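K.L.:
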Amino acid sequence: MGNNGPVTRPASTRARLDQVCAAAVEVARAAITDVDPADVGDHLQAVAEGDRLVTHYFECRLAGYRGWRWAVTVTRVPRSRTVTICETVLLPGADAMLAPGWVPWQERLKPGDLGPGDLLVTPADDDRLAPGYLLSDDPAVEETAWELGLGRPRVMSREGRAEAAQRWYDGDHGPAAPISTAAPAAARCGTCGFYLPLAGQLRQTFGACGNFYAPDDGRVVSADHGCGAHSETLTETPETPVDELPTIYDDSAVEAVTVSRAPGSVESAEPAEPYGHP
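So the sequence shown is numbered by this note's numbering: it starts at 9 and just counts up by one.
(1) Decide yes or no for the touch test of the segment 83 to 93 against the segment 63 to 72: beta carbon pairs closer than 8 Å, at least 3 of them.
(2) Alpha carbon to alpha carbon, what distance is there between Pro192 and Gly109?
(3) Within 8 Å (strictly less), CB to CB, does Gly75 reach chain B?
(4) Determine the direct distance from the alpha carbon of Pro100 to that of Ala79, and round the result to whole angstroms.
(5) What is the DSSP secondary structure of Leu204, counted as helix, strand or coil?
(6) Would you mind sorting Gly215 into buried or exposed? The rule is 16 or more other CB atoms within 10 Å of its CB.
(7) From Ala71, Asp135, Asp42, pick the residue whose C-alpha is nearest to that of Val97; which is it?
(8) Would you tell me roughly how many angstroms separate the C-alpha atoms of Thr21 and Val33, rounded to the nearest one?
(9) Just the C-alpha distance for Ala104 and Trp76, rounded to the nearest angstrom, thanks.
(10) Could you check whether Val28 and Arg89 sit closer than 8 Å to each other, using their CB atoms as the reference points?
(11) Should the segment 175 to 194 be called in touch with the segment 212 to 231, which here means at least 3 C-beta pairs below 8 Å?
(12) Can you list, in chain order, the residues of its chain whose CB lies under 8 Å from that of Glu171, leaving out five sequence neighbours each side?
(13) State the start and end residues of the unbroken beta strand (DSSP E) segment that holds Ala216.
(14) Mapping the DSSP letters down to three states, classify Ala56 as helix, strand or coil.
(15) By the three-class DSSP mapping on this structure, what secondary structure does Asp235 have?
(16) Drop a sphere of 10 angstroms on the beta-carbon of Asn12, count the other beta-carbons inside from all chains shown, and report buried for 16 or more, exposed for fewer.
(17) For Arg77, report the span of its beta strand (DSSP E) as first-last.
(18) Decide if Val48 is buried, meaning its Cβ has at least 16 other Cβ atoms within 10 Å, or exposed.
(19) Terminal residues of the continuous alpha helix (DSSP H) containing Thr189?
(20) Give me the Cβ distance between Gly236 and Cys197, rounded to the nearest whole Å; I'm assuming they're in contact under 8 Å.
(21) Spatial neighbours of Ala31 within its chain, please: CB distance less than 6 Å, with the 5 preceding and 5 following residues excluded, ordered by chain position.
(22) Using 8 Å for Cβ pairs, my map puts Ala132 next to Val163. What's the rounded Cβ distance?
(23) For Arg169, name the three-state secondary structure that DSSP assigns.
(24) Which runs of the beta strand (DSSP E) at least 3 residues long sit entirely within the segment 99 to 149? Give them in chain order.
(25) Look at the alpha carbon of Gly4 and the alpha carbon of Val129, and state the distance between them as a whole number of angstroms.
(26) Which one or two residues does DSSP pair with Thr92 in a beta bridge?
(27) Got a sec, what are the start and stop residues for the alpha helix (DSSP H) Cys68 sits in?
(28) Would you identify the three-state DSSP class for Asp180, choosing helix, strand or coil?
(29) Check whether the Cβ atoms of Asp26 and Ala56 sit closer than 8 Å, and answer yes or no.
(30) Would you mind giving the Cβ-Cβ distance between Val111 and Val35, rounded to the nearest angstrom? I have them listed as a contact below 8 Å.
Take a look at the structure:
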């Protein structure tokens, strides 16, 4: 039996730089005809792609294409000194400015992007949801829903609820929010009369704020969140004594007033009447 080793030559041999193709710098440069010659810069390098196959790289001076390179691949037939063009492309270099990678639309959405009239289709295999008959906070409800086929088609799975709980806890309505850290230590939502606990497993950690004057009114807050509108924040107004000001009389501003006497009044020259009856 003969040698059954690899029949192809090593990559180092295949990638040997052909000197005739490597010397065809100006031929490669002349192949870039889609732009002005001034947009083609200095020759950067020649890279062997295979037998008698070489790619020449040129600096790109097009506005907005910093770090990009013109790539022109040339070749020749065996025993021929004539070089021909294979292809011409514009490729990004190591420090090229590139557009961000494409991200599917459902992964680009952020909270607040959905506006009036917009529709957001939920994938059928969404990990945050599970069939309604498979998951519930109440075992009795699970059993009844399974037997009767009632309830919502899908509910949040345990993974979905854990993800939502972590997002809420780390957000603006958790214990680390600025308004919570600035509130008194005892002013926690879990002890507030306006705190409406959620149902199910989230009840122990989250609830809705029902205080009209609180900044989190109508929002889900954690039990250890807090603000200055706590129901037990009672401020007693201290009694401050009021200093009485002295009465000041201005004798220099006395005005004489003439008083007319009513009919039947007693003149000052008449003797006073004795007390009692005559």
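Where a beta carbon is used, it is the ideal one built from N, C-alpha and C, also for glycine. What you are looking at is a predicted structure, and each value in this text was computed from that prediction instead of being measured.
P.N.:
Per the coordinate set shown:
(1) no
(2) Between Gly109 and Pro192, the C-alpha separation is close to 46 Å.
(3) This model lacks chain B altogether; it includes just one protein chain.
(4) 10 Å
(5) Of the three classes helix, strand and coil, the one that applies to Leu204 here is strand, per DSSP.
(6) Buried, by the Cβ-count rule.
(7) Asp42
(8) Legend: pLDDT at Thr21 = 49, less than 50; position of this residue unreliable, value from coordinates given subsequently. Using only the alpha carbons, I get a separation of about 23 Å.
(9) 5 Å
(10) It is a contact, given that the beta carbons lie within the stated cut-off.
(11) The segment 175 to 194, when compared against the segment 212 to 231, does touch it at the 8 Å Cβ threshold.
(12) Counting only Cβ-Cβ distances below 8 Å, and skipping sequence neighbours, we find Arg136.
(13) 214 to 217
(14) strand
(15) Residue identity differs from the one stated: residue 235 is Cys in this sequence, not Asp. Here Cys235 sits in coil by DSSP.
(16) Low per-residue confidence applies at Asn12: pLDDT is 44, beneath 50, and the placement is therefore not dependable enough to give any value.
(17) From DSSP, the beta strand (DSSP E) with Arg77 extends over 76 to 83.
(18) buried
(19) That run of the alpha helix (DSSP H) goes 186 to 190.
(20) Wrong, their Cβ atoms sit about 12 Å apart, outside the cutoff.
(21) Same-chain partners within the cutoff: there are none.
(22) Between Ala132 and Val163 a beta carbon distance of about 15 Å is seen, past the 8 Å cut, so the two are scored as non-contacting.
(23) DSSP places Arg169 in helix when its eight states are reduced to three.
(24) Whole beta strand (DSSP E) segments, 3+ residues: 137 to 139.
(25) Residue coverage of the chain in this structure runs from 9 to 286, which leaves residue 4 outside it and unanswerable.
(26) Paired residue(s): Thr83.
(27) First-last for Cys68: 61 to 68, but that is the beta strand (DSSP E), not the alpha helix (DSSP H).
(28) coil
(29) yes
(30) The pair is not a contact, with the Cβ atoms about 41 Å apart (cut-off 8 Å).
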